[in-house]
Amino acid sequence: MEQYKRKEDCPLTFALTLIGSKWRLPIIWALWNGKTLRYNELKRRVDGITNMVLSQSLKEMESQGLVLRKQYMEIPPRVEYSLTRDGEALIPSLESLAKWGKAMQNK
C-alpha cells in the first residue's frame, strides 16, 4: 500500500470519513435495500435516528455525491432519496467488510 505523508491524503482514510459516522452505514444500507425511499420510510428503516441527524446526514451525503435527492413539485410535496452510482459502488466493498466482520465474530 502506498505511503502518505498526511493521513488526509490516503484514499482509504478519505473513504472512511465519508461512511464512518454512526448513522452513515445504516442509511446507505436502508437505501440499498429500499432502492428509493421517502424521508419517513427511510427514518422508519434506520431505527433510533433522530430527524435532525437524518436530515443533516442526508444533506452531507448528497453534497458528497453518495445520495440523490429528488423533489417532486406536488401538493403535498414529495421527496425521494436513493443512492447515486457512487453510493451503489460502495455496496460490494461493504458486503466484503460485513463478511469479514462475521468471520471475525465467529472466531
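Numbering (UniProt numbering), first residue to last: 1 to 107. Here a beta-carbon is modelled for each residue, glycine too, at the ideal position from N, C-alpha and C.
Go ahead and pull the three-state DSSP assignment for residue i.
i: Thr36; result: strand
i: Leu90; result: coil
i: Val46; result: coil
i: Leu58; result: helix
i: Asn51; result: helix
i: Trp100; result: helix
i: Trp23; result: coil
i: Gln3; result: coil
i: Leu66; result: coil
Among the options, which has the Cα closest to the Cα of residue i?
i: Arg38; options: Gly48, Tyr81, Ile91; result: Tyr81
i: Ile91; options: Arg44, Ile28, Val67; result: Ile28
i: Leu66; options: Asp86, Asp47, Lys59; result: Asp86
i: Gln71; options: Cys10, Thr36, Lys107; result: Thr36
i: Lys22; options: Gln64, Val53, Asp9, Glu88; result: Val53
For residue i, which residues does DSSP report across the bridge?
i: Val79; result: Gln71
What distance in whole Å lies between the Cβ atoms of residue j and residue i, which are believed to be in contact at a cut-off of 8 Å?
i: Glu41; j: Gly34; result: 7 Å
i: Leu83; j: Leu25; result: That belief does not hold up - the Cβ atoms of Leu83 and Leu25 are roughly 12 Å apart, past 8 Å.
i: Leu12; j: Gln64; result: Not quite, the Cβ-Cβ distance comes to about 16 Å (not below 8 Å), so this is no contact.
i: Arg69; j: Glu60; result: Rounded, the Cβ-Cβ distance is 12 Å, inconsistent with contact.
Can you give me the start and stop residues for the alpha helix (DSSP H) that residue i sits inside?
i: Leu16; result: 11-19
Is there a Cβ from chain D that is less than 8 Å from the Cβ of residue i?
i: Leu18; result: Going by chain labels, chain D is absent from the structure shown, which holds only one protein chain.
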